[in-house]
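Protein chains in written order, with our numbering: chain A, 56 to 451; chain B, 56 to 451. Only one structure is covered here, and it is reproduced in the block below.
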DNA sequence: CGACTTCTTCCACTCAGAGGACAAAGAGTG
DNA sequence: CACTCTTTGTCCTCTGAGTGGAAGAAGTCG
């Protein structure tokens, strides 16, 4: 089939597309209730959208007490590709125009293998999804990378954990290979957009989304929009000092949050504890697997291992201290905790909450929910799909 | 004279008013270059503004090579009142519609005397300005208070250093007394707006404005707009933990930045040092005045007193640490340091810069100026005038 | 003085959008 | 089933915002 070529011709059409995306199939009448346009105007714009093929008729709606309305919906053949490149694995998903995930695959891979190898992998994963009959082609793709991005150009800048990616024209290259429009953003920002679109952050205007994975980052949403900072490095909280004169960090400083708590730090601490004989549980796992990861710590904690729980609590305290500072500064309406370590679950959450509620002022914490992300690994890919759909559903 | 009653009738007129406010008198042709409207449309809107009296003719402009243009400007009789209520003093100023300060008076007063006493004082200061012939009345007033504000209603909420102000209807009360529209905001936000309008932050979209006075606060500007947070307490960085298990703070926690460095903390430290005989300079000043303030420390430092310099450096380090965290998080394009302690000047600035440049990542600090505010005590009142003019120059 | 620019006004024309009238299609009622 | 009432969709007219061209007014420059 011919892929999506049209774009909304004006702001009204763009608004209608987003309503259909976020609210699913809808009747003209219901749309009219939401957009504050005259019926005639609405009819004209819907007609134009139908002509472009972005929107199709979808049967009759139930009666609301009078004549039944004809439903319309976004073209069911539209497909978006959501790609979430993590430090150690890649998530790729296909969604329809309503951003529902139709297929999702995950594959371990180290970003440090460089952009060429990574994108080869991404393309083969995308091909696999296509081959399974979920899509005949892609109308757009959103890509998340684990480092700062110059957003308008879609190019990673000075990514500490991604040597070889600096300045690589991700957007352009992938747009070529996939043959569709592409947008690139920091993975944390995409997670925030995902939780905003389909997760816990619906209907919250200003919130923070802290992602604890191999590193630690924070998505910042202001007035419903992701804030990226002057150079695209906003939310880079992994290198905030959490412990004065603490551990040396890869960045050259000491005591960075990331050096004391993150997937990588946790694995290292656990290994050390196991070798020192502090925990039989962890030692057994180390023996079995040859190396420990955050997942092992989570499992050990779930099994009641005191050392593992201590590690998590300790890390949660550190993280909570930093978040407390951010809460005082930013006064968000919600804090979402997500990322690979969500498996650490409520032990971690409790530690973070304790610190934040203790250290920040009541006015800021009074009505501040601190919750785990709802979408897990799909947050990133949904956010990626959302990113490209926001782009494509805005006037050209 | 009759005060300003009209408001711009549409977004075009609002835009023209702001252009005239920020750019001074201007010809129709020059305005046309900036607004992307057809000449005819522009002429119509200007005509309407002239009818309302908000704008008046102002002679002929210089020729740009052809027929000379007729200048127009904002009504010269328009007057805004800018009020900046600090913890220990009150600033009141009158500005014209271009937000130029025509008169400015300052009077010491403790906010803790409560809103009634303070506003009595404010009104008498405003009356004094009026009596000196600078204004026949006020078309609007902006008020800054040293604590969080529920912005839409213009009401202070839970202000720690302002007992008796919680919930006081500042906006409504002053609007009654002054007989003109009033807007209320946190003093730090107003300082940020002032520096943005007429100071160092012109043409910067995203920046932080750290005010170190009796307390410490931070104005946050995102995309040219002040960000106030969910409950109006954004930027309240005085109670971020700067020293683990540090000094007890009035808020109930330990180690808050404000407890270790602020006008109040500095005065206390200096007094202590003087009493312990660590500094002859400070001891002499204590003897002479009976008490020490931040100003004394600044003077002693200027005179080369080692103890005073140490105090400033120490405080700068602490503040710099906190700011470094904020820079990593927020990735601003500029950091402005202002407030009462600007007298501490470059010693303080150097200490802050050192910390920030050392602790934050290069991508965030690479092109990040950290500078002292340019406007000193007028930043607040200019920001206040800007606040109300933004309000009045927007469509009703 | 004449040629060329720039500024301003006037006017005809286009077009988005509102809103009313009316027809179509359903629900509810006796 | 006949009737009324409601909701939906379409058509048509009207208004007002805005554009762009033409022409006059008021300059500059050689």
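No residue lacks a Cβ here, since even glycine has one placed at the ideal position from N, Cα and C. Just so it is clear, the structure is predicted and the values come from calculations on it, not from any experiment.
Worksheet item: Do the segment 417-424 of chain A and the segment 312-329 of chain B touch if we need at least three Cβ pairs shorter than 8 Å?
Response: no
Fill in: From A:322, A:436, A:288, A:354, residue whose alpha carbon lies closest to that of residue 382 of chain B
A:288
Discussion item. Taking 8 Å as the threshold (C-beta atoms), are residue 152 of chain A and residue 181 of chain A in contact?
Written reply: no
Worksheet entry | residue 186 of chain B - containing alpha helix (DSSP H), residue span | 170-186
Practice prompt. Check each residue of the segment 269-283 of chain B: if its Cβ is closer than 9 Å to any Cβ of chain A, include it; give the result in chain order.
Written response: 273, 275, 277, 278, 280, 282, 283
Item to complete: Compare the C-beta of residue 115 of chain B against all C-beta atoms of chain A and say whether one is closer than 8 Å.
Response: no
Discussion item. Does any residue of chain A have a CB that is nearer than 8 Å to the CB of residue 184 of chain B?
Written reply: no
Discussion item. Any beta carbon of chain A sitting closer than 8 Å to that of residue 258 of chain B?
Written reply: no
Worksheet item: Applying a beta-carbon distance threshold of less than 8 Å, which residues of chain A neighbour residue 315 of chain B?
Response: Ordered by position in chain A, no residue passes the 8 Å Cβ test against residue 315 of chain B, which lies about 13 Å from the chain.
Worksheet item: So, helix, strand or coil for residue 238 of chain A, using DSSP?
Response: strand
Item to complete: Measuring only between beta-carbons, confirm whether residue 294 of chain A sits less than 8 Å from chain B.
Response: yes
Discussion item. Which of the three DSSP states is assigned to residue 143 of chain B in this structure?
Written reply: coil
Practice prompt. Verify the CB distance criterion: does residue 385 of chain A have a CB-CB separation below 8 Å to chain B?
Written response: yes
Fill in: Where residue 335 of chain B falls, given that 16 or more other Cβ within 10 Å makes a residue buried
exposed
Discussion item. Using C-beta distances below 8 Å, list every residue in its chain close to residue 346 of chain B, excluding the 5 sequence neighbours before and after it, in chain order.
Written reply: 322, 326
Worksheet item: Is there contact here, the segment 69-80 of chain B with the segment 157-177 of chain A, by at least three beta-carbon pairs under 8 Å?
Response: no
Practice prompt. Helix, strand or coil for residue 99 of chain A, going by three-state DSSP, please let me know.
Written response: helix
Practice prompt. Name the two residues that bound the continuous beta strand (DSSP E) containing residue 425 of chain A.
Written response: 425-427
Worksheet item: Rounded to whole angstroms, how far is the Cβ of residue 272 of chain B from the Cβ of residue 284 of chain B, which I believe are closer than 8 Å?
Response: Their Cβ separation, rounded to whole angstroms, is 12 Å, which puts residue 272 of chain B and residue 284 of chain B out of contact at 8 Å.
Worksheet item: In three-state DSSP terms, what is residue 82 of chain A?
Response: strand
Worksheet item: Could you check where the alpha helix (DSSP H) with residue 385 of chain A kicks off and where it finishes?
Response: 361-385
Worksheet item: The beta strand (DSSP E) with residue 156 of chain A in it runs from where to where?
Response: 156-163
Worksheet item: Does any residue of chain B bring its CB to less than 8 Å from the CB of residue 213 of chain A?
Response: yes
Practice prompt. Could you tell me if residue 317 of chain B is buried or exposed, where buried requires 16 or more neighbouring beta carbons within 10 angstroms of its beta carbon?
Written response: buried
Worksheet item: Using a C-beta to C-beta distance shorter than 9 Å, which residues of chain A count as neighbours of residue 376 of chain B?
Response: 296, 299
Discussion item. To be precise: take each residue of the segment 226-245 of chain B, compare its Cβ to all Cβ atoms of chain A, and keep it if any distance is under 8 Å. Which residues remain?
Written reply: none
Practice prompt. Answer with buried or exposed for residue 234 of chain A, where buried requires no fewer than 16 other C-beta atoms within 10 angstroms of its C-beta.
Written response: exposed
Practice prompt. Name the one or two DSSP bridge partners that residue 196 of chain A has.
Written response: A:136, A:237
Worksheet item: How is residue 90 of chain B classed by DSSP in three states: helix, strand or coil?
Response: helix
Worksheet item: What does residue 306 of chain B touch in chain A if you count any residue whose Cβ is under 7 Å from its own?
Response: 416
Worksheet item: Can a CB atom of chain B be found closer than 8 Å to the CB of residue 93 of chain A?
Response: no
Worksheet item: Okay, do the segment 262-280 of chain B and the segment 298-318 of chain B touch, 3+ Cβ pairs below 8 Å being the bar?
Response: yes
Discussion item. Applying the 10 Å Cβ sphere with the 16-neighbour rule, what's the burial state of residue 447 of chain B?
Written reply: buried
Worksheet item: Between the C-alpha atoms of residue 324 of chain A and residue 366 of chain A, what's the straight-line distance to the nearest angstrom?
Response: 8 Å
Practice prompt. Indicate the three-state DSSP secondary structure (helix, strand or coil) for residue 215 of chain B in the structure shown.
Written response: coil
Discussion item. Using only CA atoms, which one of B:391, B:408, B:120 lies nearest to residue 257 of chain B?
Written reply: B:391
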